[in-house]
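**Q** Structure provided below as structure tokens; questions to follow.
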Amino acid sequence: MLNEFLSEYGALLAQGTLDTFIMLFLSCAIAYVIGIVLGVILHLTAPGGLRPAPVANAVLGWIVNIGRSMPFIILLILLIPVTRTVAGTITGVRGVIVPLVVSTAPFVARMIEQSLAEVPRDAVEAAEACGASVPRIVFSALLPEALPSIVRGVAVTLIAVLGYTAIAGAVGAGGLGDIAIRYGYYRYQSELMIITVVLLVVVVQLIQSVCDLIARKVDHR
Amino acid sequence: MISIQHVYKTYDLPKKGAGRTARATDDAVALASAQSGNPVMAAAAATAATSEAAASLAAADGKVHALEDICLDIADGDIFGIIGMSGAGKSTLVRTINLLERPTSGSVVVDGTDVTGLSGAALRSYRRRVAMIFQSFGLLAQKTVLDNVCFPYLAANGKVTTADRERALALLDRVGLREKAASYPSQLSGGQQQRVAIARALACEPEVILCDEATSALDPKSTNTILKLLRDINRETGVTLVVITHSMDVVQKICRNVAVLESGRVVEQGSVERVFAEPKAEATRVLLGKVEWDA
């Protein structure tokens, strides 16, 4: 019976899992590139930061907040023209990367900002007193010191975005969420719904465990 | 020669949770609390609250005057103590020397050059001549002891060469921690961490080392080790030491000259022998324990 089920749906579930992973890791990778830059700028320009700039900080903060206040499903629709221009399509895995990045980057920015704020001020001040430039402090002191916290943040981000990819399934993005909705919901195939949920649970556990392990490995405190 | 000329430092009344500024203005916060009549803080800053000087600090203009008209000359090779109660402005003062804090007015003149206006690369190269050690050591927890000592080289040149590593190891040898080079700061005791911080401070062969409450977090034995180390380094290299402390014991052990700070003003200064023998200011007598503690 299991063999029968697997021969019928195995390929579908494998493709769905792969699609989910592509959406998840690709969009998070791009979001982290943008989010780290934004997070560092937010941290440096904050009042009492290394380069205080109240106006820039407030404007950037608003932009990030606006990005974060859009429900993902709304953003998905709002961004359709942008997605079409950038990705060339608004469906499939390709069509959902743009909204995923736009939605995740502000989230990452706040996670990074928070991780950087946890770095003891004395260590940063000591680096400053050594005559280090601001970029040097960022790359050789702030980010390395915040690394364990950043890695833990990666787990939170990946798991949140996994939820978004499932939502994206609702508009035909592919992946496990798409399978759950099309087969599990529209066709009343409960066993497929259950399997996709189990797969998602396993993925979440894996992400959390791997990130915890890495965070412990890189943390020398 | 470091010459501090009519330095004032004024803060707007600090807001809660202003992050970096809030910590940097610990002194100012203590003053503000004393002024606002908060009983707990006022008790902690009892001398400040009752003195003339504190009254004159009353924030009529909504500002906290952390430093007022500070004039000090610190000679090359000296071990110069700056002593005062919590909130007297010691940390703010020492931070104006390497410009972690900018004076509101007045100037810091080092070897005849006014450094107060320095910025960018000039400021960074000046800071390499003036090293600093901290009460909480300020080591990078995710870097090894050796990498911490090499950090000033990284800051100066953007890279760490083999020769730099050799020099760093020699410095670790000097502070007695060569075998800990591959350890992380968390694996060291407080006294050992401070010795690493001293090795880091020495990395760029500074002319001055600012010691901000360098022994306040340490037990008496580690304190003595650190003080002896600082004194010996002063003798060997002729580096000027500016020692911030609230402990007369520290001043007595290593300093030659001392300035007593109270509520942002220098109330007494001179050679350590003179100040200990005939303290003039009330604050000095309190610091020396020469007033009735239960009064």
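One line per chain: the protein sequences are F and U, in this order.
Position 39 of the first sequence, counting from 1, maps to 39 under the working numbering, and the rest follow consecutively.
So the number in the working numbering is just where the residue sits in the second sequence, counting from 1, plus 1000.
Backbone N, C-alpha and C fix where the C-beta goes; we use that ideal spot for every residue, glycine too.
Quick caveat, the model's predicted, so the values are computed rather than measured.
D1076 of chain U to V1242 of chain U, Cα distance in whole Å?
**A** To locate residue 1076 of chain U, count along the second sequence from 1; it is residue 76. To locate residue 1242 of chain U, count along the second sequence from 1; it is residue 242. Each residue's Cα considered, the two are about 11 Å apart.
**Q** To the nearest angstrom, report how far apart A1042 of chain U and G1084 of chain U are at their CA atoms.
**A** For the purposes of this step, residue 1042 of chain U is taken as residue 42 along the second sequence, with counting starting at 1. For the purposes of this step, residue 1084 of chain U is taken as residue 84 along the second sequence, with counting starting at 1. Low confidence applies here, because A1042 of chain U scores a pLDDT of 39, under 50, leaving its location unreliable and the question unanswered by this model.
**Q** Going along chain F in order, which residues have a C-beta closer than 7 Å to the C-beta of G1089 of chain U?
**A** Translated into the one-based positions of the second sequence, residue 1089 of chain U becomes position 89. The contacting residues do not exist; G1089 of chain U stays about 18 Å from chain F at best.
**Q** Taking beta-carbon pairs under 8 Å, can you tell me which members of the segment 121-153 of chain F lie near chain U?
**A** Cβ contacts with chain U: R121, D122, A123, E125, A126, A127, E128, A129, C130, G131, A132, S133, R136, S140, A141, P144, E145, L147 and P148.
**Q** Is G1264 of chain U closer than 7 Å to L1067 of chain U when the C-beta atoms are compared?
**A** Along the second sequence, read from residue 1 onward, the residue named residue 1067 of chain U stands at position 67. Along the second sequence, read from residue 1 onward, the residue named residue 1264 of chain U stands at position 264. In this structure, the beta-carbon distance from L1067 of chain U to G1264 of chain U falls below 7 Å.
**Q** Can you tell me the Cα-Cα spacing of I959 of chain U and R1200 of chain U, whole angstroms?
**A** Here chain U comprises residues numbered 1001 to 1295, so residue 959 of chain U is not present and cannot be evaluated.
**Q** Which first and last residues belong to the alpha helix (DSSP H) in which E4 of chain F is found?
**A** Within the first sequence, the letter at position 4 stands for residue 4 of chain F. Annotation: the continuous alpha helix (DSSP H) that includes E4 of chain F extends over L2 to T45.
**Q** At a Cβ threshold of 7 Å, is N1098 of chain U touching chain F?
**A** As a working note, residue 1098 of chain U is residue 98 in the second sequence. For N1098 of chain U, the answer is yes, since a Cβ of chain F falls inside 7 Å of its Cβ.
**Q** Okay, do the segment 163-181 of chain F and the segment 18-28 of chain F touch, 3+ Cβ pairs below 8 Å being the bar?
**A** yes
**Q** Which one or two residues does DSSP pair with E1268 of chain U in a beta bridge?
**A** Within the second sequence, the letter at position 268 stands for residue 1268 of chain U. DSSP, once it has assigned bridges, lists U:V1260 as partnering E1268 of chain U.
**Q** In terms of residues, what are the limits of the beta strand (DSSP E) holding S1119 of chain U?
**A** By one-based count along the second sequence, residue 1119 of chain U stands at place 119. Segment: none, S1119 of chain U is in no beta strand (DSSP E) and carries neither H nor E.
**Q** Please identify, using Cβ separations under 7 Å, the residues of the segment 1144-1159 of chain U that lie next to chain F, in order along the chain.
**A** F1151, P1152, L1154, A1155 and A1156
**Q** At a CB-CB cut-off below 7 Å, which residues of chain U make contact with R221 of chain F?
**A** Here residue 221 of chain F refers to the residue found at position 221 of the first sequence. In chain order: A1141 and S1186.
**Q** Whole beta strand (DSSP E) runs in the segment 1158-1184 of chain U with 3 or more residues, listed along the chain?
**A** Here no run is fully enclosed.
**Q** Nearest-angstrom Cα distance between R1165 of chain U and L1146 of chain U?
**A** Along the second sequence, one-based indexing puts residue 1165 of chain U at 165. Along the second sequence, one-based indexing puts residue 1146 of chain U at 146. So the two alpha carbons sit approximately 8 Å from each other.
**Q** Reducing DSSP to helix, strand and coil, say where D212 of chain F ends up.
**A** Numbered from 1 along the first sequence, position 212 holds the residue referred to as residue 212 of chain F. If DSSP states are grouped into helix, strand and coil, D212 of chain F belongs with the helices.
**Q** Are the CB atoms of I1082 of chain U and K1090 of chain U nearer to each other than 7 Å?
**A** Position 82 of the second sequence, counted from the first residue, corresponds to residue 1082 of chain U. Position 90 of the second sequence, counted from the first residue, corresponds to residue 1090 of chain U. For I1082 of chain U and K1090 of chain U, yes; Cβs fall inside 7 Å.
**Q** From what residue to what residue does the alpha helix (DSSP H) around Y186 of chain F run?
**A** Indexing the first sequence from 1 puts residue 186 of chain F at position 186. No alpha helix (DSSP H) holds Y186 of chain F; DSSP gives it neither H nor E.
**Q** Any beta carbon from chain F within less than 7 Å of F1080 of chain U's own beta carbon?
**A** Along the second sequence, read from residue 1 onward, the residue named residue 1080 of chain U stands at position 80. The beta carbon of F1080 of chain U sits no closer than 7 Å to any beta carbon of chain F.
**Q** For a test of the three-state rule: what should DSSP assign to A1075 of chain U, helix, strand or coil?
**A** Stepping through the second sequence from its first residue, residue 1075 of chain U is reached at position 75. A1075 of chain U: coil per DSSP, three-state reduction.
**Q** Determine which residues of the segment 1110-1128 of chain U have a Cβ less than 7 Å from any Cβ of chain F, and write them out in chain order.
**A** Within the segment 1110-1128 of chain U, the residues whose Cβ lies closer than 7 Å to some Cβ of chain F are R1124, S1125, R1127 and R1128, listed in chain order.
**Q** Along the chain, which unbroken stretches of the alpha helix (DSSP H) at least 4 residues long are found entirely within the segment 1196-1242 of chain U?
**A** 1220-1237
**Q** When DSSP builds the beta bridges, which residues end up paired with S1105 of chain U?
**A** Residue numbering aside, residue 1105 of chain U sits at position 105 when the second sequence is read from its first letter. According to DSSP, which records beta bridges pairwise, S1105 of chain U is partnered with U:Y1008.
**Q** Compile a chain-ordered list of the residues in the segment 1274-1286 of chain U whose CB is closer than 9 Å to at least one CB of chain F.
**A** Listed in sequence order: no entries.
**Q** S1189 of chain U touches chain F at which residues, Cβ-Cβ below 8 Å?
**A** Taking the second sequence and counting its residues from 1, one reaches residue 1189 of chain U at position 189. Within 8 Å Cβ-Cβ: nothing; S1189 of chain U doesn't reach chain F, min ~15 Å.
**Q** If you reduce the DSSP assignment to three classes, tell me which class L1099 of chain U lands in.
**A** Residue mapping note: residue 1099 of chain U aligns to position 99 of the second sequence, counting from 1. Coil.
**Q** Alpha carbon to alpha carbon, how far is G1191 of chain U from R1167 of chain U?
**A** Position 191 of the second sequence, counting from 1, holds the residue named residue 1191 of chain U. Position 167 of the second sequence, counting from 1, holds the residue named residue 1167 of chain U. Linking G1191 of chain U to R1167 of chain U through their CA atoms gives a straight-line distance of about 22 Å.
**Q** Flag this pair as yes or no: are the beta carbons of G39 of chain F and A105 of chain F separated by less than 7 Å?
**A** Numbered from its first residue, the first sequence carries residue 39 of chain F at position 39. Numbered from its first residue, the first sequence carries residue 105 of chain F at position 105. In this structure, A105 of chain F does not lie closer than 7 Å to G39 of chain F by Cβ.
**Q** Residues in the same chain with beta-carbon distance under 6 Å from S1216 of chain U, minus the five sequence neighbours each way, listed in chain order, please.
**A** To locate residue 1216 of chain U, count along the second sequence from 1; it is residue 216. Same-chain partners within the cutoff: Q1135.
**Q** Less than 7 Å between the beta carbons of L116 of chain F and H43 of chain F, yes or no?
**A** Counting from one through the first sequence, the residue named residue 116 of chain F turns up at place 116. Counting from one through the first sequence, the residue named residue 43 of chain F turns up at place 43. Going by C-beta atoms, L116 of chain F is nearer than 7 Å to H43 of chain F.
**Q** Exposed or buried, which one is Q1187 of chain U when buried takes at least 16 other CB atoms within 10 Å?
**A** Translated into the one-based positions of the second sequence, residue 1187 of chain U becomes position 187. When all chains shown are included, Q1187 of chain U counts as exposed.
**Q** Here's the rule I'm using: 16 or more other beta-carbon atoms within 10 Å means buried, otherwise exposed. How should A1131 of chain U be labelled?
**A** As a working note, residue 1131 of chain U is residue 131 in the second sequence. The residue in question, A1131 of chain U, is buried, as its Cβ has 16 or more Cβ neighbours within 10 Å.
**Q** Just grab the DSSP bridge partners of T1245 of chain U for me.
**A** Translated into the one-based positions of the second sequence, residue 1245 of chain U becomes position 245. BP columns for T1245 of chain U point to U:I1083.
**Q** Taking only runs that begin and end inside the segment 55-95 of chain F, name each unbroken alpha helix (DSSP H) of 4 or more residues, in chain order.
**A** The DSSP assignment places complete alpha helix (DSSP H) segments of no fewer than 4 residues inside the segment 55-95 of chain F at 72-78 and 80-87, in order along the chain.
**Q** Identify each residue in the segment 1231-1260 of chain U for which the Cβ-Cβ distance to at least one residue of chain F is less than 9 Å, and report them in chain order.
**A** none
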